[in-house]
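When we follow the working numbering, the leftmost residue of the sequence shown carries the number 7, and every step to the right adds one. First comes the structure, then the notes that go with it.
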Amino acid sequence: MTNVDDPLVVHTPGNREIVLSRLFEAPAQLVFAAFTQPELLARWYGARGWRLTECDVDLRIGGRWRFVSQGPEGAQMVQAGVYRQVEPSHRLVYTELFDDQSYPGETLVSHEFTELAGRTTVTTTLLYATAEGRDTVLRYPMARGVGQSFTRLAELLHSTTTTEEEHP
């Protein structure tokens, strides 16, 4: 049974970290692809009401990525960074910096993809440059936005795996 509304779990293990985790009803290879392929990212990335209008991915260590999102009432958000580790279906690590960032320094983002019986848990660790930066982000509706985005991802994965099962 697929639950596209599986909850996002949020932890704050240190004064500079936020850890997010969510279970997806799809194999790690497909989940990793959804995090790294522009044509898939464009179909799920962003909270409800937001969409990617530009998505550049140079998926290699030292490669750059850049996302431009359009939101309600013409709001725009630009984020970019550099890939530090790329281990397909297992681990993705990169830096992240927003154009209009309200806290100092780059954030180090690490995604771990753990598959068990065809289901994948994504554990994302956000390591901020400062405790103040982490605290600023916690005051935003970040968990709600990531939760909505991950629900969109779960819907995409469900439709993709259902299509693959129907048309092998």
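For every residue, glycine included, the Cβ atom is placed at its ideal position computed from N, Cα and C.
Apart from sequence neighbours up to five positions away, the residues of its chain that approach Arg49 with a beta-carbon distance below 7 Å are Leu162, ordered along the chain. Relative to Ala40, the option among Val63, Thr18 and Gly55 whose CA is nearest is Val63. In the three-state reduction of the DSSP assignment, Leu144 falls in the helix class, which pools H, G and I. In the structure shown, Thr166 falls within a helical segment according to DSSP collapsed to helix, strand and coil. In the three-state reduction of the DSSP assignment, Leu132 falls in the strand class. At least 8 Å separates the beta-carbon of Thr113 from that of Leu98. Two segments are said to touch when three or more pairs of C-beta atoms, one from each, lie closer than 8 Å; by this definition the stretch 112-126 touches the stretch 26-40. Its Cα nearest to that of Gly69, the residue Thr42 stands out among Ile24, Arg54, Thr42 and Pro110.
Shown here for Thr59: same chain residues with a beta carbon closer than 6 Å to its own, the five before and five after excluded, namely Val74 and Gln76 in chain order. Residue range Pro44 to Leu47 is occupied by the alpha helix (DSSP H) that includes Leu47, with no beta strand (DSSP E) assigned at that position.
As the crow flies, the alpha-carbon of Thr120 is around 31 Å from that of Tyr109.
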